[in-house]
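J.: Okay, handing you the structure first.
Residue numbers (our numbering), protein chains in the order written: chain A, 2 to 314; chain B, 2 to 314.
Structure follows, in structure tokens:
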């Protein structure tokens, strides 16, 4: 049965209401109306989740697609030290898509939204000419002037990363190789946890100078910090929270699809070993110049080129 | 040549900067950071513009597609009485699309943005599996508690509409019939003007009880006001600002793709005949009950069913 837009909006509205996540003036008007706390600025991020580009129907169960869709936006808010407030879902669906797929997709998205007290406040729907097309917008807020940008790193800053690296892309590589995976056994890939609490802690304690999430992979996103800050950097291979061996190193450096935070801090700042239950590793240093280098255990260094995430289209 | 995402973002950033529309902290970080005026609430709207659903490459020149893409979002902000602040463009493009198409699309969008002092503050890009996929987000603001909702109409309110009705969909029908049109000769279809100034005036003067834009067509969007307000309505056929004849009436009642505002006001409110250069017509009345009816010159009434805009997919 072809999806009716009206009924789709109704279903999403009902699902959001059941989850207690309906903005008071949201889905159903021309715009959502959202108060921000006094003295806060708005944060806005948008992220596509396109079938066969960001996910595959034969690899990802629908609740994982919904979870990942929202996680991308929440992770961007986390990377600014922000507080997520509301999400907006634009969803174009092919006529032949079973309603059960949509229901599970929305349920996966709303479950993650509830975890972060984010309301699903609006969006758009259309029939898709080809494949499932989702675009998620997350509105967040941050006290004025306190958003953590990519551009604040300075020579001498230490470089840190949250969590562990490489297992998300390792799962993706197994999928690419044709292996069937149990989603719940590979949560870093199927149900990544955006590091919202870590980002807020770092911002509240005024600990960091620059931050980014590494959804594009460590080497590429460190490149973003260096480019925006006008600096170089060195990464200590041995210090990376990665699986052992050459593969572990490559996955940690260049594997994308990762929702950890990469941040810099002045050397005199004391960064906790663990924040909100997430381990923090010191993995390098910001340098003057514009080069990124990788230092290995034997004391040698080599150039580190941005070589992260390519879409798997 | 396949489009490189990086270069696309760079081109948009450069184009936005040339137009003086780059938010101070926008494209290039994880989120855009946007201050709102003190005491304002955020307004957020998202709208797809999908090839072969909302536009056709053989019908619409790229600058018209860009203009229409942003106009949809601005019109939603106008319908709340809001002030548009920033736009976010998510754009997925097929690999074979000429760069010149993208450049003209962005130019059309930025020209309209400049007209309304809206910055292009971020977005996302991807390669599209099929066709051009755009999703526009507009962030606006409104003094807290003053957004004009669809739900405020009361029995006895008068019903008004801005501008003229029917010519946008008349142009579309000519395109459907295979006729070639000169875009600049049919601005209501190719370059619609969102009624932002009218919406703001009505809100500032506290004149209206409910408002909606009629992008879905008058009959459908009046249905939205009635549904959200729990009322019925009567429309006077003779009062519609439409072309004469039965066709003119049908196009005015049910033609979508229209960016006029439909609003209600208590009968004691004096609504100007023209606001910001746009004529205002009183076309009906809000009634108790839930029925919508059409009153014709002979004094008879008939049921008015929502039968507006269907995508031309």
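The C-beta atom is built at its ideal place from N, Cα and C for all residues, glycine as well.
So, is residue 168(A) buried or exposed, given that buried needs 16 or more other C-beta atoms within 10 angstroms?
T.: Within the first chain, the letter at position 167 stands for residue 168(A). Residue 168(A) is buried by the Cβ-count criterion.
J.: Is residue 117(A) helix, strand or coil when you go by DSSP?
T.: Position 116 of the first chain, counted from the start, is the residue given in the question as residue 117(A). Reduced to three states, the DSSP call for residue 117(A) is coil.
J.: DSSP state of residue 239(A), grouped into three classes?
T.: Here residue 239(A) corresponds to residue number 238 of the first chain, with the count starting at 1. Reduced to three states, the DSSP call for residue 239(A) is helix.
J.: Please check if any C-beta of chain A sits within less than 8 angstroms of the C-beta of residue 32(B).
T.: Locating residue 32(B) in the second chain gives position 31, counting from the first residue. By this cut-off, residue 32(B) is an interface position.
J.: Which chain A residues sit within Cβ distance under 8 angstroms of residue 130(B)?
T.: Position 129 of the second chain holds residue 130(B). Near residue 130(B) (Cβ distances below 8 angstroms), the residues of chain A are 51, 52, 53, 54, 131, 132 and 314.
J.: How do the region 136-152 of chain A and the region 42-52 of chain A stand: do at least 3 beta-carbon pairs fall below 8 angstroms, yes or no?
T.: yes
J.: With a threshold of 16 other CB atoms inside 10 Å of the CB of residue 145(B), please say whether the residue is buried or exposed.
T.: For the purposes of this step, residue 145(B) is identified with residue 144 of the second chain, where counting begins at 1. Exposed, because fewer than 16 other Cβ atoms sit within 10 Å of the Cβ of residue 145(B).
J.: Cβ of residue 83(B) within 8 angstroms of Cβ of residue 227(A)?
T.: Your numbering for residue 83(B) matches position 82 in the second chain. Your numbering for residue 227(A) matches position 226 in the first chain. Going by C-beta atoms, residue 83(B) is not nearer than 8 angstroms to residue 227(A).
J.: Taking only the alpha-carbon atoms, compute the straight-line gap between residue 276(A) and residue 58(B) and give it to the nearest angstrom.
T.: Taking the first residue of the first chain as 1, we reach residue 276(A) at position 275. Taking the first residue of the second chain as 1, we reach residue 58(B) at position 57. Rounded to whole angstroms, residue 276(A) to residue 58(B) spans 51 angstroms at the Cα level.
J.: Starting from the C-beta of residue 184(B), find all residues in its chain whose C-beta is less than 6 angstroms away, skip the five residues before and the five after it, and write them out in chain order.
T.: Taking the first residue of the second chain as position 1, residue 184(B) is located at position 183. Closer than 6 angstroms at the Cβ level, and outside the excluded window around residue 184(B), lie 62, 65 and 191.
J.: Would you list the one or two residues that DSSP bridges to residue 276(B)?
T.: Your numbering for residue 276(B) matches position 275 in the second chain. Its beta-bridge partners are 279(B).
J.: Go ahead and pull the three-state DSSP assignment for residue 221(B).
T.: Taking the second chain and counting its residues from 1, one reaches residue 221(B) at position 220. In the structure shown, residue 221(B) sits in a helix (DSSP, three-state: H, G or I).
J.: Of all the residues that make up the region 101-127 of chain B, which are near chain A by a beta-carbon distance shorter than 9 angstroms?
T.: 122, 123, 124, 125, 126 and 127
J.: Would the region 67-77 of chain B count as touching the region 153-163 of chain B if we require 3 or more Cβ pairs under 8 angstroms?
T.: no
J.: According to DSSP, is residue 248(B) part of a helix, a strand, or is it coil?
T.: Position 247 of the second chain, counted from the first residue, corresponds to residue 248(B). In the structure shown, residue 248(B) sits in a helix (DSSP, three-state: H, G or I).
J.: On the DSSP bridge assignment, give the partners of residue 286(A) in chain order.
T.: Taking the first residue of the first chain as 1, we reach residue 286(A) at position 285. Answer is 159(A) and 235(A).
J.: Using 8 angstroms as the Cβ pair cut-off and three pairs as the minimum, do the region 100-117 of chain A and the region 280-296 of chain A touch?
T.: no
J.: Quick check on this structure: which residue in 270(B), 196(B) and 222(B) has the alpha carbon closest to the alpha carbon of residue 207(B)?
T.: Position 206 of the second chain, counted from the first residue, corresponds to residue 207(B). The candidate whose alpha carbon is nearest that of residue 207(B) is 270(B).
J.: On a CA-only basis, which of 181(A), 129(A), 237(A) and 150(A) is nearest residue 302(A)? Give me that one, please.
T.: On the first chain, residue 302(A) is found 301 positions in, with the first residue counted as 1. Nearest of 181(A), 129(A), 237(A) and 150(A) to residue 302(A), Cα basis: 237(A).
J.: Give a yes or no on whether the minimum CB-CB distance between residue 81(A) and chain B is below 8 angstroms.
T.: Along the first chain, read from residue 1 onward, the residue named residue 81(A) stands at position 80. Yes, because at least one Cβ of chain B sits closer than 8 angstroms to the Cβ of residue 81(A).
J.: So residue 199(B) and residue 79(B) are supposed to be a Cβ contact under 8 angstroms. How far apart are they, rounded?
T.: The sequence position of residue 199(B) within the second chain is 198, counting from 1. The sequence position of residue 79(B) within the second chain is 78, counting from 1. Residue 199(B) to residue 79(B), Cβ: 7 angstroms. Contact.
J.: Per DSSP, what kind of secondary structure is residue 42(A) in: helix, strand or coil?
T.: As a position in the first chain, residue 42(A) is number 41, starting the count at 1. Residue 42(A): strand per DSSP, three-state reduction.
J.: So residue 84(A) is in the beta strand (DSSP E); what residue range does that whole segment cover?
T.: Mapped onto the first chain, residue 84(A) falls at position 83. Run containing residue 84(A): 84-94, per the beta strand (DSSP E) assignment.
J.: Among 108(A), 221(A) and 149(A), whose alpha-carbon lies nearest the alpha-carbon of residue 121(A)?
T.: Looking up residue 121(A) in the first chain gives position 120. Among 108(A), 221(A) and 149(A), the Cα nearest to that of residue 121(A) belongs to 108(A).
J.: Please list, in chain order, all residues of the same chain as residue 267(B) whose beta carbon is under 7 angstroms from its beta carbon, the five residues on each side excluded.
T.: Position 266 of the second chain, counted from the start, is the residue given in the question as residue 267(B). Taken in chain order, the residues that qualify are 158 and 210.
J.: In angstroms with no decimal places, state the Cα-to-Cα distance between residue 241(A) and residue 101(A).
T.: On the first chain, residue 241(A) is found 240 positions in, with the first residue counted as 1. On the first chain, residue 101(A) is found 100 positions in, with the first residue counted as 1. Straight through space, the alpha carbons of residue 101(A) and residue 241(A) are spaced by roughly 41 angstroms.
J.: When you compare the CB of residue 78(B) with every CB in chain A, is at least one pair closer than 8 angstroms?
T.: Position 77 of the second chain holds residue 78(B). At a cut-off of 8 angstroms between beta carbons, residue 78(B) contacts chain A.
J.: Closer than 9 angstroms by beta-carbon distance: list the chain B residues that pair up with residue 89(A), in chain order.
T.: Indexing the first chain from 1 puts residue 89(A) at position 88. Correct list: 45, 46, 47 and 138.
J.: In the region 178-205 of chain A, which residue ranges form an unbroken alpha helix (DSSP H) of at least 4 residues, counting only runs that do not cross its ends?
T.: 188-191 and 197-205
J.: What does a CB cutoff of less than 7 angstroms around residue 161(A) pick up in its chain, not counting 5 residues either side in sequence?
T.: Position 160 of the first chain, counting from 1, holds the residue named residue 161(A). Correct list, in chain order: 264, 266, 272, 281, 282, 283 and 284.
J.: Answer with yes or no whether the minimum CB distance from residue 25(B) to chain A is below 8 angstroms.
T.: Counting from 1 along the second chain, the entry for residue 25(B) is found at position 24. Reliability fails at residue 25(B), whose pLDDT of 45 lies under 50, so the model's placement of it is uncertain and no value is given.
J.: Please state the DSSP three-state secondary structure of residue 291(B).
T.: Residue numbering aside, residue 291(B) sits at position 290 when the second chain is read from its first letter. Correct three-state label for residue 291(B): coil.
J.: Using the three-state DSSP reduction, which class does residue 63(B) fall into: helix, strand or coil?
T.: Translated into the one-based positions of the second chain, residue 63(B) becomes position 62. Residue state, collapsed to three classes: helix.
J.: Using a C-beta cutoff of 8 angstroms, does residue 29(A) count as contacting chain B?
T.: What you label residue 29(A) is simply residue 28 of the first chain in a count that begins at 1. Answer yes: the Cβ-Cβ gap between residue 29(A) and chain B drops below 8 angstroms somewhere.
J.: Excluding the five sequence neighbours on either side, which residues of its own chain have a C-beta within less than 6 angstroms of the C-beta of residue 85(B), listed in chain order?
T.: Looking up residue 85(B) in the second chain gives position 84. Once the five neighbours on either side are set aside, the close Cβ partners of residue 85(B) are 75, 78, 117, 119, 139 and 141.
J.: So is residue 96(B) buried or exposed if we call it buried at 16+ other beta carbons inside 10 Å?
T.: Taking the second chain and counting its residues from 1, the one referred to as residue 96(B) is at position 95. By the 10 Å Cβ count, residue 96(B) comes out exposed.
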